[in-house]
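As structure tokens, the structure follows; a few thoughts come after it.
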Amino acid sequence: MKEYEITSTYLNGCAGAAYPQTDFEEATLSDTDDYIRAKHGKDFEKFKKEVHSNGQIIYTYDCGVTYIYEFTAL
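As structure tokens, then:
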């Protein structure tokens, strides 16, 4: 299990929102995939996962509304 700071960003360009909605939380997870799967269920396979050399993990999904989840190990 690892402890992460999770930044969740929601961009709704269709509704003309000028600013993204951003939330922060800390969580202890065994697998970041499970976190995304629990939030988005059937859409999980549509997320693009990037793992950066510094250990940060980013999931992105754009379906007219954009979801971005950034996991940074604490």
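So for the sequence shown, the numbering used here puts the first residue at 3; every next one is plus one.
Glycine residues also receive a C-beta, built at the ideal position from the N, C-alpha and C atoms.
Just how far apart, CA to CA, sit residue i and residue j?
i: Gly57; j: Thr74; result: 7 Å
i: Arg39; j: Asp45; result: 8 Å
With the cut-off set at 8 Å, would you say residue i and residue j are in Cβ contact?
i: Thr68; j: Leu13; result: yes
i: Glu28; j: Glu5; result: yes
i: Phe49; j: Tyr37; result: no
Looking at the strands, I want to know which residues DSSP matches up with residue i.
i: Phe73; result: Ile8 and Ile59
i: Phe26; result: Thr9
i: Glu47; result: Answer by DSSP bridge pairing: none, since Glu47 is not bridged.
Output the boundary residues of the alpha helix (DSSP H) element that contains residue i.
i: His42; result: Thr34 to His42
Report whether the distance from the Cβ of residue i to the nearest heavy atom of the ligand HEM is below 7 Å.
i: Thr9; result: By its list of ligands, the structure shown contains no ligand whatsoever, and the ligand HEM lies outside what it can speak to.
Please return the same chain residues whose Cβ sits closer than 6 Å to the Cβ of residue i, not counting the five positions on each side in sequence.
i: Gln89; result: Here the chain covers residues 3 to 76 and nothing more, so residue 89 does not appear.
i: Ser10; result: Asp25 and Tyr71
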